[in-house]
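8 is the number of the first residue of the sequence shown in my numbering; add one for each residue after it.
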Amino acid sequence: MFELPALPYAYEALEPVISGKTMHFHHDKHHKAYVETTNTLLKDAKPASLESVIREAKSAGNTKLFNNAAQAWNHAFFWNAMTGQAGKPSGELAAAIDGAFGDLAGLKQKFVEAGVGQFGSGWAWLTADSAGKLQVVTTHDAGMPAEDGGQVPVLVCDVWEHAYYLDHQNDRKGFLEAWFDALPNWSFAATQFTAARGQGQAWRFPAPGAEQPLKRAG
Ligand code: FE2
């Protein structure tokens, strides 16, 4: 059975961009439901990882299982890709951003445009390939870039209405702009960027029975 991963920070840590109220709904209701439905659909199966469940559901055309398992994964990744301690990219990731987008403002513009342009529910991602090439992509509903192979997610922002409606109502653009300025966890992003190029391990959903990481303050 997969467990709902705890948030790596307090519910209020992302305020004012994302309120504690939104985080309670988003994590304790939406994310929890995706994890529980995945477990229900798996019945007595004992998968080794959520990643393998997602892969197999996709290739078998099991849309309901894919949607719930991928949403369980995407949300856990999303929580880790944010921090209440605003920072800036540095080192090789900063250089790659400058190379691909001109500068951080260029990435922000592209990321916000992509998220605003995503029709309906979905996700805006920064991804990297094995050569370190960065790309901004969007996926619909539960879609994730890893499906297509070769693209390792570096950052993500949830652009489903449930992610921002309580705090920003219909202003998805305002949410994305504020999100980009305050919440990306650039240290997590740097680890993902390094993993994309074959060094170290990219983030994985906690395996069944794995111990939950300790909650961090902030
Ligand atoms: Fe969400």
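Each residue gets a CB set at the ideal place from its N, CA and C atoms; glycine is no exception.
Item, Value
"beta-carbon Phe84 near the ligand FE2 non-hydrogen atom, thresh 8 Å", "no"
"Closer than 8 Å: Asp165 CB and nearest the ligand FE2 heavy atom", "yes"
"Contact the segment 73-82 vs the segment 143-154: 3+ CB pairs below 8 Å", "yes"
"Presumed contact (8 Å Cβ cut-off) between Ser26 and Leu162, rounded CB distance", "No, Ser26 and Leu162 are not in contact; Cβ-Cβ is about 21 Å, not under 8 Å."
"DSSP state of Val129 mapped onto helix, strand, coil", "At residue 129 the sequence reads Gly, which differs from the Val that was named. Three-state result, Gly129: strand."
"Assigned exposure category for Ala224 - 16 Cβ within 10 Å defines buried", "Note on Ala224: pLDDT 45, under 50, position unreliable in the model; no value is reported."
"Nearest to Trp186 (by Cα), restricted to the options Pro213, Pro160, Pro23", "Pro23"
"Beta-bridge partners of His147, as assigned by DSSP", "Gly129"
"Spatial neighbours of Phe84 in its chain, beta-carbon cut-off 7 Å, leaving aside the 5 residues before and after", "Pro160, Val163, Trp210"
"Validate contact between the segment 55-64 and the segment 184-198 using beta carbons, cut 8 Å, 3 pairs", "no"
"Burial state of Asp165, where buried means 16 or more other Cβ atoms lie within 10 Å", "buried"
"Gln125, buried or exposed, once every other Cβ within 10 Å from all chains shown has been counted against 16", "buried"
"Where the beta strand (DSSP E) containing Val163 begins and where it ends", "159-165"
"Ala20 versus Ser128: straight-line alpha-carbon distance, rounded", "25 Å"
"Met89 - partner residues in DSSP beta bridges", "Pro191"
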